[in-house]
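Novice: Attaching a single structure in structure tokens format; questions to follow.
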Amino acid sequence: LNFSGEKGYKMRLEGFIQPYMETKRYTGTDDSELYNRFRMRRLRMQLSGSLADEKLSYRLRLDLSGTSEADLDEANSNILLDAYIRYSIDDNLSVTFGQKSTPTDNRELNINSQTLQLPERSRITSVFSTIREFGVFLDGTYRITPGGMYVRPAVAITNGDGQNAFKKDYGGLKYGGRLDFLPFGLFSNFGQFREADIVRERTPKLVVGMNYSYNDGVSSRRGRNSGSILYLNDRNEEELPDFIKLGVDFMFKYQGFSMLGEYVKGSAKVSKDITQRVRNDGSVSSGFEIDGQQHVANYIKNRMMLGEGYNIQAGYIFTNLISVDARYTHLRADKYSFMNNGTFYNRPNYYTIGVSKYLSRNYGAKIQASFTYVDAAPGSNDNAGNPIDGNEWVGRLILTIGF
Amino acid sequence: LNFSGEKGYKMRLEGFIQPYMETKRYTGTDDSELYNRFRMRRLRMQLSGSLADEKLSYRLRLDLSGTSEADLDEANSNILLDAYIRYSIDDNLSVTFGQKSTPTDNRELNINSQTLQLPERSRITSVFSTIREFGVFLDGTYRITPGGMYVRPAVAITNGDGQNAFKKDYGGLKYGGRLDFLPFGLFSNFGQFREADIVRERTPKLVVGMNYSYNDGVSSRRGRNSGSILYLNDRNEEELPDFIKLGVDFMFKYQGFSMLGEYVKGSAKVSKDITQRVRNDGSVSSGFEIDGQQHVANYIKNRMMLGEGYNIQAGYIFTNLISVDARYTHLRADKYSFMNNGTFYNRPNYYTIGVSKYLSRNYGAKIQASFTYVDAAPGSNDNAGNPIDGNEWVGRLILTIGF
Amino acid sequence: LNFSGEKGYKMRLEGFIQPYMETKRYTGTDDSELYNRFRMRRLRMQLSGSLADEKLSYRLRLDLSGTSEADLDEANSNILLDAYIRYSIDDNLSVTFGQKSTPTDNRELNINSQTLQLPERSRITSVFSTIREFGVFLDGTYRITPGGMYVRPAVAITNGDGQNAFKKDYGGLKYGGRLDFLPFGLFSNFGQFREADIVRERTPKLVVGMNYSYNDGVSSRRGRNSGSILYLNDRNEEELPDFIKLGVDFMFKYQGFSMLGEYVKGSAKVSKDITQRVRNDGSVSSGFEIDGQQHVANYIKNRMMLGEGYNIQAGYIFTNLISVDARYTHLRADKYSFMNNGTFYNRPNYYTIGVSKYLSRNYGAKIQASFTYVDAAPGSNDNAGNPIDGNEWVGRLILTIGF
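Chains A, B and C, in that order, give the protein sequences. When the count follows the working numbering, it moves up by one through the first sequence with no breaks and lands on 542 for the last residue. When the count follows the working numbering, it moves up by one through the second sequence with no breaks and lands on 542 for the last residue. When the count follows the working numbering, it moves up by one through the third sequence with no breaks and lands on 542 for the last residue.
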């Protein structure tokens, strides 16, 4: 829906609704029950626009469902998603101030939620992504050969505390960037930021990229939240570990076929000055016992998302707008890492197949189903904290309607 | 406000604001003070639309006031009210997936909030309704005689945990339905879902209906909330009571006169396997002492909305758009029922008279006042928990402006 | 953005986004670190409209940033700002019911947030204002001489508990008013409610006003919140102190120059019947020890905003739309007053200079920076509660884009 105001103002209102249903079953146990869950997965509205000269633009995106994007260990149900002001320096370069998704997350997080080829993003996103950050972003797009090779560099300097971290800024800033290389030209119709190849690219399109970020002082597992995990030095001053993330990824699309590959590695630098930790109730402890002995660095690492993982997925949309998709995700935790947590993680392999029916030649209305087989490592629990012996099946169903 | 987009999209934005004032006085006491309360009763915005072929439609309704519809023992101030996607199978039958009001609530809850003939809904609604649920809904409308008799069957399978219960789904599902019979044809201008007869039906219109629901495992007083009251069996597994609701109701309208009658009965089935209860702080107790002795079933029933009630109300809109309305509501609690709670309930009779001035021939702008005399049974308290000897007077004033 | 519906309805949608960055440095200490803070300062949307005859109008204003207007000791992050219905009795007089800013706050709070000449309002606003209240408001505008002198009287009767106080109404009501006198006629283009003189008034414009309010029973420091500070009498009934506020202020504008002056004094009347206080955890104490001795009135006063303050600021917008502004704010606390609190207040002098660049001849897009030198009295702390020896520098940067 587009509006044009007096004096050349332009405004655009969009949105979509995604009701969702999930059913889970544990194998290798006498519990044959199905665990159901209903919810409004996403309910988003977006307002965007530009001033008369189109140099200045803004975007405002809200989620009204009350559920968070990464439904996980660190939730954040604030309704504010994107809110930023962008200034286009020239046709190739723009600077953005405000909150938005960051180029230092894996590629799938730069893809719009209503264009996913499966009902959910992969676990790589759950484990490593910060989803949204507040700060200054530089984005460039440069053609480097007459034949149509492009590079897209991006730099982000943010507070490194995730979405809506508007109280105190714990730790220093986060510095990062991404370099994308597109050897065969830009994707059609913003296809780089949409997952399924519904436009059926006529020539092969590929983007290969890498990203790196250095978060100077994180107060949460991976820099998605603010102030949830704090440490002190001898003088009772805050002293926080640093979190480093490195990723390599690609996406390929051609005539209805699309393929996405991502690799991410998270590591930490723990300052030797840390001698105390702050408990949830605000009290302070100098006990850092882990595996039966006092070890500050390992204790701290055990609360962060350290390790690596990759995700590879592909799908094909038939001309009758039915799509068939598959995904394999593998996670490998460091010895001391929250990725070993039995409730949320500790599951090294995820195998998913999905089928989708698009009702028109865009992402506006579709129905999607998927089945995921989860290979749970020994020591995994269900959500209630009870150990599970076998593995898990998860079935998902999601409807999307956009406006 | 209607929009039409490219390619046949249609969208509609509506809303209304209701500032409200209430004053309460206790009789038969030396406390002659007036207890005032100001608030934004409702502040709603609704976005609805359909795709080009009108088979698929959606609705999104929000309340931004921060106050809940049933201002009572189980509040829920999430802003999300309705959010659903509907598919019209044919002209007579539709299937809906998402969150909306349920056909298994009493008739007044299927009536739009800005069209009420008195400032508030009756206490039947407060006591028994779940207000909104998430699930799958089937709605039919069939003409059964050429003369214009209609039946409107509806079936709902929901998670049975009330509005925005998007975390864990406690207990099983809720199954229910409603059958409405309209002997004299459909009401004019959606009049079945609007209370006062502002369109002045030219021929008598009547709807008579009954509804039934079986909520397999409730974790709250009546299935309006999720996880607020939990029980366990011997093996520390969740074991929840079932809640059954039965209702009969009618609405009649003719030339400015409207009448509404409702009867609801709530009952419970308590599993004999329940042996423990979960306290608010998460700890577990096997004490179920009530009336001086251990009795599991009675203890549990005493925390649920068990009993019956009826509400009868009528009004007339004069041609100068002034309306006069009256209501009598009667509640009869079971011996063990939360309806005996002295703070919120324990008041068997409510007598209300009201007067409204509509500013135009729709519900868009009006001012409404009412006085309610509440017959409080012995053992009732005021909100601060102090016992009251006599009865209560409540005066209400509400303004409505819609857009 | 304006809409016109069927039958003469009018509706207007507006909004603005303000990303913000702040950096703080303490002087006279070995801590040379810069304390940064990023946030979405304001993200507002407003819907307003009127019915066909323009007698009835409404306004609805939301803030979606999750941060509060006065980022201080008593925060309130509810998204609902304004919501009211207004009836224009005649061309000179209107009555409003609902929630809005109150005429009994200092002048700068009656000025729209996106038109401020500096990134933040002065500390006078932080200390004394209630920001928004719910109640009934009468507003008049009368021309008293043919030459164009005007008076604007305003009366407000509100619940006196600040924004979104929709639960219990603690204490009695708040009664207050304001009388503004405009000797040289009304400001151009609503300039009385906009700070910088972007329209460059062709003739000098001046408004001089005074305001007074009596808050009968406050349950917070200055009547901005509800129920945060409670006292009891001998019979365990609520007994609350009264808060009185008196202010005098003016604004002058002429050819790009604007000047604002404000004086506010807050005082209290503490009932002798108060004998107990309610702690945060709900328990009751009769200890009112202050300065080493039991003194009920002084103890209570020490938790209220008692004292006086003035703010004087001026600025000039050049014709190239660059503006230079300066402000001096002085606060003087009573001996017993929360204004002596070392974390939030206890800083008597604030000196600010700012520079702004407006991108067009309205307030729709601008970038603003300011530097404030804060003269901290002995006994001041930083936010973490550590004492600071010297003073503070605060740098601020804010962008605004409206639509």
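Where is the CB? At the ideal position from N, CA and C, for every residue including glycine. Since we're looking at a predicted model, the values are computed, not measured.
Please return the same chain residues whose Cβ sits closer than 6 Å to the Cβ of residue 385 of chain A, not counting the five positions on each side in sequence.
Specialist: Here the set comprises 351 and 404.
Novice: Using CA coordinates, which residue listed in B:238, B:505, B:228 and B:371 is at the minimum distance from residue 218 of chain B?
Specialist: Minimum Cα distance to residue 218 of chain B is reached at B:238.
Novice: Return helix, strand or coil for residue 307 of chain A, following the three-state DSSP convention.
Specialist: Correct three-state label for residue 307 of chain A: coil.
Novice: Identify whether residue 342 of chain C lies in helix, strand or coil by the three-state DSSP scheme.
Specialist: Residue 342 of chain C falls in the coil class under three-state DSSP.
Novice: Would you kindly work out how many angstroms separate the C-alpha atoms of residue 402 of chain C and residue 470 of chain C, rounded to a whole number?
Specialist: Using only the alpha carbons, I get a separation of about 10 Å.
Novice: Just the chain C side, please: which residues come within less than 9 Å of residue 158 of chain B by C-beta, in chain order?
Specialist: Neighbours of residue 158 of chain B on chain C, chain order: 222, 223, 224, 236, 237, 238 and 273.
Novice: Taking residue 270 of chain C and residue 316 of chain C to be in contact with their CB atoms under 8 Å, please state how far apart those CB atoms are, rounded to whole angstroms.
Specialist: That belief does not hold up - the Cβ atoms of residue 270 of chain C and residue 316 of chain C are roughly 18 Å apart, past 8 Å.
Novice: Could you tell me whether the Cβ of residue 408 of chain A comes closer than 8 Å to any Cβ of chain C?
Specialist: With 8 Å as the cut-off, residue 408 of chain A does not count as an interface residue toward chain C.
Novice: DSSP three-state call for residue 505 of chain B: helix, strand or coil?
Specialist: Looking at residue 505 of chain B - three-state DSSP - the assignment turns out to be strand.
Novice: I'd like to know if residue 218 of chain B contacts chain A, where contact means its C-beta is closer than 8 Å to some C-beta of that chain.
Specialist: For residue 218 of chain B, the answer is yes, since a Cβ of chain A falls inside 8 Å of its Cβ.
Novice: If you drop the 5 nearest sequence neighbours on each side, which residues of the same chain put their C-beta closer than 6 Å to that of residue 294 of chain B?
Specialist: Taken in chain order, the residues that qualify are 277 and 316.
Novice: Closer than 7 Å, Cβ to Cβ, to anything on chain C: give me those residues from the region 183-200 of chain A, in chain order.
Specialist: So the close ones are 188, 190, 195, 197 and 199.
Novice: Return the chain-ordered list of same chain residues with a C-beta closer than 8 Å to the C-beta of residue 102 of chain B, the five sequence neighbours on each side being excluded.
Specialist: The structure shown does not extend to residue 102 of chain B, since chain B is modelled only from 140 to 542, so the question has no answer here.
Novice: The alpha helix (DSSP H) that contains residue 265 of chain C, what's its start and end?
Specialist: Segment 262-267, the alpha helix (DSSP H) holding residue 265 of chain C.
Novice: When burial is assigned at 16 or more other CB atoms within 10 Å of the CB, is residue 202 of chain B buried or exposed?
Specialist: Result: buried.
Novice: Does residue 439 of chain C come within less than 8 Å of chain A when only Cβ atoms are used?
Specialist: Not an interface residue.
Novice: So the beta strand (DSSP E) residue 436 of chain B belongs to, where does it begin and stop?
Specialist: No beta strand (DSSP E) holds residue 436 of chain B; the alpha helix (DSSP H) holding it covers 435-440.
Novice: Quick check: the Cα distance between residue 241 of chain A and residue 249 of chain A, rounded to an integer number of angstroms?
Specialist: Near 8 Å, if we compare the C-alpha coordinates of residue 249 of chain A and residue 241 of chain A.
Novice: Cβ of residue 349 of chain C less than 8 Å from any chain B Cβ?
Specialist: Taking Cβ atoms only, chain B never reaches closer than 8 Å to residue 349 of chain C, which makes this a no.
Novice: I believe residue 289 of chain B touches residue 324 of chain B by the beta-carbon criterion, under 8 Å. Please report the beta-carbon distance rounded to the nearest angstrom.
Specialist: Indeed, because the Cβ distance is near 7 Å, the residues count as touching under 8 Å.
Novice: Give the DSSP-derived three-state secondary structure of residue 401 of chain B in the structure shown.
Specialist: Residue 401 of chain B: strand per DSSP, three-state reduction.
Novice: Return the CA-CA distance between residue 283 of chain A and residue 204 of chain C, expressed in angstroms with no decimal places.
Specialist: One C-alpha to the other measures close to 40 Å.
Novice: In the DSSP assignment, what residue or residues form a beta bridge with residue 159 of chain A?
Specialist: Partner(s): A:178 and A:537.
Novice: Looking only at DSSP bridge pairs, what is residue 292 of chain B linked to?
Specialist: DSSP lists B:318 as partners of residue 292 of chain B.
Novice: With DSSP run on the structure shown, which of helix, strand or coil describes residue 327 of chain B?
Specialist: Helix.
Novice: Counting only beta-carbon separations shorter than 8 Å, does residue 303 of chain C have a partner in chain B?
Specialist: Cβ-Cβ to chain B under 8 Å: yes for residue 303 of chain C.
Novice: Let me know the secondary structure DSSP gives residue 152 of chain C once reduced to three states.
Specialist: The answer is strand: DSSP assigns residue 152 of chain C an E or B state.
Novice: Using a Cβ-Cβ cutoff of less than 6 Å, which residues in the same chain neighbour residue 476 of chain C once the five nearest sequence positions on both sides are dropped?
Specialist: Hits under 6 Å: 445 and 446.
Novice: Looking only at its chain, what residues have a beta carbon closer than 6 Å to the beta carbon of residue 262 of chain B, apart from the 5 residues adjacent to it on each side?
Specialist: So the qualifying residues of the chain are 468 and 489.
Novice: Could you check the C-alpha separation between residue 494 of chain B and residue 420 of chain A for me, to the nearest Å?
Specialist: About 53 Å.
Novice: Compare the Cα-Cα distances from residue 415 of chain A to each of A:521, A:462, A:436 and A:180 and report the closest residue.
Specialist: It is A:436 whose Cα lies nearest to the Cα of residue 415 of chain A.
Novice: For residue 187 of chain B and residue 364 of chain B, I'd like the C-alpha separation in whole angstroms.
Specialist: Their Cα atoms are separated by approximately 26 Å.
Novice: For residue 308 of chain C, decide whether its Cβ has a neighbour in chain B, counting only Cβ atoms nearer than 8 Å.
Specialist: True, the Cβ-Cβ gap to chain B drops below 8 Å.
Novice: Classify residue 95 of chain A as buried or exposed, calling it buried when 16 or more other Cβ atoms lie within 10 Å of its own Cβ.
Specialist: Residue 95 of chain A is absent from the model: chain A starts at 140 and stops at 542.
Novice: Taking the beta strand (DSSP E) that residue 416 of chain C falls in, what are its first and last residues?
Specialist: Its beta strand (DSSP E) spans residues 415-417.
Novice: Given that residue 366 of chain A touches chain B, what residues does it touch there, using C-beta distances under 9 Å?
Specialist: Those within 9 Å of residue 366 of chain A in chain B number zero; the least Cβ separation is about 23 Å.
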